[in-house]
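Residue numbers (the working numbering): 9 to 103.
Written out below as structure tokens is the structure these notes cover.
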């Protein structure tokens with residue numbers, strides 16, 4: 009159940025990130041209605057974690073998950089571009 013709460017939190021933070029206009033992970037920004045879905049996912053994960061863990065640990069876990077998710081998600085498009093650059097570089101060298 010703790011893992012389910014953690015996964016719901018990750019999905020909630022990802023959905024919340026994808027509703028922001030400045031996100032670069034997908035081509036189209038999600039509509040504002042998806043913020044409600046993100047809020048529901050985060051609330052469910054909070055309930056699950058509070059039931060299975062002490063309250064302070066659950067809150068700390070949600071806060072650290074938010075920090076980690078929102079710190080690394082913006083860099084995913086950069087890694088994808090780097091991977092594409094590496095592929096083209098290798099294909100040019102093989103000719």
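Here a beta-carbon is modelled for each residue, glycine too, at the ideal position from N, C-alpha and C.
Which term fits residue 21, buried or exposed, when burial requires 16 or more other beta carbons within 10 angstroms of its beta carbon? It counts as buried.
Could you pull out every residue in the same chain whose Cβ sits closer than 8 Å to the Cβ of residue 29, ignoring the five residues on either side in sequence? 37
Alpha carbon to alpha carbon, what distance is there between residue 85 and residue 35? 11 Å
Can you tell me whether residue 54 is buried or exposed, with buried defined as 16 or more other CB within 10 angstroms of its CB? buried
Which residue marks the beginning of the alpha helix (DSSP H) containing residue 9, and which one marks its end? First-last for residue 9: undefined, no H or E at that position.
Supposed close pair residue 10, residue 57 - CB separation, criterion 8 Å: 7 Å
Provide the residue span of the alpha helix (DSSP H) that contains residue 48, from first to last. 42-60 is the span of the alpha helix (DSSP H), which, as asked, contains residue 48.
Please tell me whether residue 65 has its Cβ less than 8 Å away from any Cβ of chain C. Protein chain content of the structure displayed is limited to a single chain, and chain C is not contained in it.
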